[in-house]
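Quick note: the sequence shown uses the working numbering, first residue 2, plus one each step. We put the CB at the ideal spot given by N, CA and C, even for glycine. Worksheet for the structure shown next.
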Amino acid sequence: MRPIFLLLMSLPLGMFAQQRHCVHKEFVPELATQNESLIYRSTKVIPVVIHIVSNQHVHVSNLQVYAQIAALNRDFNREGEEWRRLPSALQELATDANITFELAKHDPDGKPTIGINQKVTSRNNIGLYDDIFYQDKGGIDAWDTQRYLNIWVAEMPEGLLGYASSPEDVGTPTDGVVINIDYFGTSRAEASYQLGRTLVHEVGHYLGLSHPWGSIQQECEEDDGLEDTHALAAPHYECPPFEDNTCDTMPFYWNFMDYTPDCCMALFTHQQVLLMHHVLEQYRPLLRVSSIRYEEDTTEYLMLTPNPAISAVLISWAKEVNLIEFYTISGRRIDFFRATSNERYKNLCLDHYPKGVLIVVFHTENGEKNTKRLIHL
Ligand SMILES: [Zn+2]
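Next up, the structure:
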């Protein structure tokens with residue numbers, strides 16, 4: 002990311018005011034193959050450490066961090082509301098990235114942590130400089146960048162929302178995402194950027210995605226290398242309706258890798274998701290919380306209603322089940338109950354269950370094991 006970053010510094014920063022802008026080194030995607038569709042299906046949980054380097058005037062609370070992590074999980078697990086309102090042609094492109102982010106529970110030395118580092122600096126706009134990555138220069142040193150997604154939150158000039166490293170930077174001390182402190186979380190930013198999607202976009206870059214217009218704006222000569230993201234001649238800065246910038250006849254907007262305001266971002270495409278999983282497998286294989294693997298059950302004998310569920314769920318099954326277990330996405334068993342041979346359903350109160358994605362494992366008497374995913378809102 003460095004060369005482009007230096008180029009930016011030679012430009013008048015005011016030109017970016019009031020526009021979403023991020024700096025990104027083009028990553029030429031290695032397209033995933035059909036054989037990787039199984040990888041695509043496996044849930045991945047990424048440990049995150051947040052390094053907040055604030056000045057005396059700005060403070061970021063832990064609650065704001067939690068809101069930002071929840072926003073990431075909402076959008077990488079297609080839990081936002083917006084995608085349901087997409088035109089059908091775009092809705093067909095949208096898919097669940099099946100990637101979950103979790104604040105690190107252990108630091109690189111194995112000690113318990115909440116995954117949040119805070120530091121105050123007197124430096125103006127430290128997020129603009131490499132110093133942000135080094136403790137002895139006023140920033141905070143990265144945690145092992147092969148094993149953690151490092152996110153630095155710091156002051157930057159207005160209009161520059163963030164920048165991210167490329168998968169090719171894996172393992173370097175500057176590998177991760179830097180985000181403007183004014184656009185972090187879901188309540189700090191101006192109205193257009195209050196849904197936490199600046200970080201969703203930057204993490205997309207970190208996982209290998211490029212902008213749909215490639216690296217050249219105002220041209221249709223290149224794109225992001227993917228087939229189901231239609232090339233754009235230029236970013237969209239406003240919500241629809243607008244004059245569409247697509248290079249072909251197919252409209253393409255609402256994508257997390259465009260520059261639209263947060264409220265009209267809603268989708269990753271199938272190939273974007275495949276590429277992110279490919280990057281996690283091939284470039285960032287150590288970036289993983291131990292997680293249980295599961296295949297979404299397609300048989301009809303298991304039902305979770307409603308799903309997503311808020312405070313209670315009806316679990317029903319049509320053949321003999323003798324044990325039902327509940328796991329968090331990171332593989333921690335949080336509850337279980339045994340069923341008698343006559344039982345076919347159970348009403349379960351979720352008040353004491355953690356929010357987010359839960360994995361429900363059904364064991365039948367003949368040794369079959371099936372899993373379903375339950376979203377607890
Ligand atoms: Zn970008």
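Residues whose Cβ lies closer than 7 Å to any heavy atom of ligand 1, listed in chain order: C23, H25, H202, E203, H206, H212, M258. Within the DSSP secondary-structure output, F338 pairs in a beta bridge with I325.
Per DSSP, the unbroken beta strand (DSSP E) holding F363 starts and ends at 357-365. Taking the Cβ atoms as the reference, P213 lies roughly 6 Å from D224, within the contact range of under 8 Å. No Cβ-Cβ contact shorter than 8 Å links G215 with L276.
The region 130-212 contains, as complete beta strand (DSSP E) runs of 3+ residues, the segments 150-155, 163-165, 178-181 (chain order). Under the DSSP assignment, F77 falls outside any beta strand (DSSP E), being part of the alpha helix (DSSP H) whose first and last residues are 63-77. Pairing L150 with P48 gives a Cβ-Cβ distance under 8 Å. Just measuring C-alpha positions, the residue of Y207, C23, G186, F269 sitting nearest A98 is F269. In this structure the region 124-144 touches the region 172-185; the number of beta carbon pairs closer than 8 Å is three or more. The C-alpha of L129 is placed about 8 Å away from the C-alpha of P158.
Looking at the DSSP output, E103 sits in a beta bridge with P48. Note that the C-beta distance between H231 and M251 is below 8 Å.
Going by DSSP, S89 is part of the alpha helix (DSSP H) stretching over 89-92. The alpha carbon of E344 has as its nearest neighbour, out of L305, P355, W318, the alpha carbon of W318. Cα atoms of T175 and G139: separation of roughly 15 Å, rounded to the nearest angstrom. Sequence-distant Cβ neighbours of R198 in its own chain, meaning closer than 6 Å and more than five residues away, are D263, M266. Counting the other CB atoms within 10 Å of its CB gives T96 a total of 16 or more, which places it among the buried residues.
Straight-line spacing of the CA atoms in S312 and L91 works out to 32 Å. The C-beta distance from Q57 to G186 rounds to 19 Å, too long to fall under 8 Å, and the pair is not in contact.
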